[in-house]
Amino acid sequence: MNKLLKVKCPQCDTTFTYYESEFRPFCSKRCQQIDLGHWFQETYTVPTRDVVMEEEQSIDQDSDERNESEYES
987 MNKLLKVKCP QCDTTFTYYE SEFRPFCSKR CQQIDLGHWF QETYTVPTRD VVMEEEQSID
1047 QDSDERNESE YES
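In my numbering, the protein residues as written are 987 to 1059.
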């Protein structure tokens, strides 16, 4: 391992020695807490699909198709 690996903090862009920081990948506790706050406030989000909605639509379509076939009989 290279103990002199210099990186930039993703929060404040300060250059620091990666393996010397106990708050990796951040340079300090403050930057770590700021980042955590962004997650809690939902400033950062993970993109997802609305799977529940798709499942509900599929169930509704299946139900409609069954109802139509009952009326045709």
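All C-beta atoms in this analysis are idealised placements derived from N, C-alpha and C, irrespective of residue type, glycine included.
Roughly how many whole angstroms lie between the Cα atoms of TRP1025 and PRO996?
14 Å
Using the Cβ count rule (16 or more neighbours within 10 Å means buried), how would you classify CYS998?
Result: exposed.
With DSSP collapsed to three states, give me the class of LYS1015.
helix
Suppose you measure from the CA of GLN1018 to the CA of GLU1008; what does that come to, to the nearest Å?
If I take the Cα positions, the gap works out to 10 Å.
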